[in-house]
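Chemist: Taking our numbering as reference, the numbering of the sequence shown is continuous, increasing by one, and the terminal residue is 199.
Think of the CB as a built atom: it goes at the ideal place given N, C-alpha and C, for glycine as much as any other residue.
Handing you a structure now.
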Amino acid sequence: MVPLTRSDTVGIVLAPGVGVGFARGDDRWSVATADPVALIAEAATADAPRWVWWGRETSDLLADLPIDRCWDVATVHRFLHGTWKA
């Protein structure tokens, strides 16, 4: 996997049984793995980046992990627009 630092903001998409898609700035890459949650768990250290995901599907998969910093785009949309429809 590409080295990540605490100052990075990294978009992630998990596909159980397939892998993880990552985006950081202009960089995009994927990692094939049957257990994408385990891959994120390995990266969720004290120096982990700020994870960004687009919806509840990802946060539900990562619910048991100690995620230090994240942005949930759907939740931000709800705050900005005052509605539960994202």
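What residue ranges within the segment 130–188 form continuous beta strand (DSSP E) runs of no fewer than 3 residues, ordered along the chain?
Modeler: You should have 132–137, 140–145, 163–166 and 183–185.
Chemist: Looking at C-beta atoms only, is the number of pairs between the segment 141–155 and the segment 188–195 that lie closer than 8 Å three or more?
Modeler: Touching, no.
Chemist: Roughly how many angstroms separate the alpha carbons of Arg141 and Val123, rounded to a whole number?
Modeler: As a working note, residue 141 is residue 28 in the sequence shown. As a working note, residue 123 is residue 10 in the sequence shown. If I take the Cα positions, the gap works out to 10 Å.
Chemist: Under a Cβ-count criterion, where at least 16 other Cβ atoms within 10 Å of its own Cβ denotes burial, should Ala176 be classed as buried or exposed?
Modeler: Along the sequence shown, one-based indexing puts residue 176 at 63. Counting Cβ neighbours within 10 Å, Ala176 comes out exposed, since fewer than 16 surround it.
Chemist: State the Cα-Cα distance for the pair Leu174 and Pro116, rounded to the nearest angstrom.
Modeler: Counting from one through the sequence shown, the residue named residue 174 turns up at place 61. Counting from one through the sequence shown, the residue named residue 116 turns up at place 3. Computed Cα separation, rounded: 23 Å.
Chemist: At the level of alpha carbons, what is the spacing between Ala157 and Gly195?
Modeler: Position 44 of the sequence shown, counted from the start, is the residue given in the question as residue 157. Position 82 of the sequence shown, counted from the start, is the residue given in the question as residue 195. Going from the Cα of Ala157 to the Cα of Gly195 covers about 31 Å.
Chemist: Comparing C-alpha positions only, which one of Ile180, Arg169 and Ser120 sits nearest to Trp197?
Modeler: Position 84 of the sequence shown holds residue 197. Nearest C-alpha to Trp197: Arg169.
Chemist: Using the three-state DSSP reduction, which class does Leu127 fall into: helix, strand or coil?
Modeler: Start at 1 with the first residue of the sequence shown, and residue 127 comes out as number 14. It is a strand residue.
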